[in-house]
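Colleague:
In mature numbering (1 follows the signal peptide of the UniProt record, and there is no 0), the protein residues as written are -17 to -1, 1 to 134.
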């Protein structure tokens, strides 16, 4: 009786598996290929610099630095948390949050930022927001040297 039950179960399982068809898409060469999986979340977007850089085109010129301020020195900055919106620089050059400006000599651009203490040792480098990095025209994967000013 056991053997018959096992064989019957195997037959039913095989019959079910044979009826499941995966969606196929025709290709130009007469063959078919499986379709790509749909996104897990229909509302999810591809996470790129364009989708994470949430500043409006009108907000970018307003952040452009006009000059002036007390020079705090230079720092090498990497891209900070791209999900943290706004124009900011986390740096060991300040002990308290204050308004400021950073300049990138590579493009000659400057941008107004909120200077935030990083809590790291002097010379430890800084982190800059995605919006500020884009406004400066700095490479997102680079380590630009920035001149920092406090307002």
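We treat Cβ as the ideally placed atom computed from N, Cα and C, and that holds for glycine.
Can you confirm whether the segment 75 to 82 touches the segment 112 to 119 when touching is taken to mean that 3 or more C-beta pairs between the two stretches lie within less than 8 Å?
Modeller: no
Colleague: Any idea what DSSP makes of residue 41, helix, strand or coil?
Modeller: On the chain shown, position 58 is the one that residue 41 refers to. With a pLDDT of only 47 at residue 41, under the threshold of 50, the placement of this residue in the model should not be trusted; the figure read from the coordinates follows. Correct three-state label for residue 41: coil.
Colleague: Compare the beta carbon distance of residue 74 and residue 98 with 9 Å and say whether it is the shorter of the two.
Modeller: As a working note, residue 74 is residue 91 in the chain shown. As a working note, residue 98 is residue 115 in the chain shown. Against a cut-off of 9 Å, the Cβ pair of residue 98 and residue 74 comes out as a contact.
Colleague: Out of curiosity, what's the CA-to-CA distance linking residue 103 and residue 56?
Modeller: On the chain shown, position 120 is the one that residue 103 refers to. On the chain shown, position 73 is the one that residue 56 refers to. Going by the C-alpha atoms only, they are around 16 Å apart.
Colleague: Buried or exposed for residue 95, please, with buried defined as at least 16 other CB atoms from any protein chain shown within 10 angstroms of its CB.
Modeller: Your numbering for residue 95 matches position 112 in the chain shown. Under this definition residue 95 is a buried residue.
Colleague: To the nearest angstrom, how far is the alpha carbon of residue 86 from that of residue 107?
Modeller: Looking up residue 86 in the chain shown gives position 103. Looking up residue 107 in the chain shown gives position 124. Going from the Cα of residue 86 to the Cα of residue 107 covers about 19 Å.
Colleague: Report yes if the CB atom of residue 59 is closer than 9 Å to the CB atom of residue 109, and no otherwise.
Modeller: The sequence position of residue 59 within the chain shown is 76, counting from 1. The sequence position of residue 109 within the chain shown is 126, counting from 1. Contact flag set, yes.
Colleague: Taking Cβ to Cβ, would you say residue 113 is nearer than 9 Å to residue 72?
Modeller: Position 130 of the chain shown, counted from the first residue, corresponds to residue 113. Position 89 of the chain shown, counted from the first residue, corresponds to residue 72. No.
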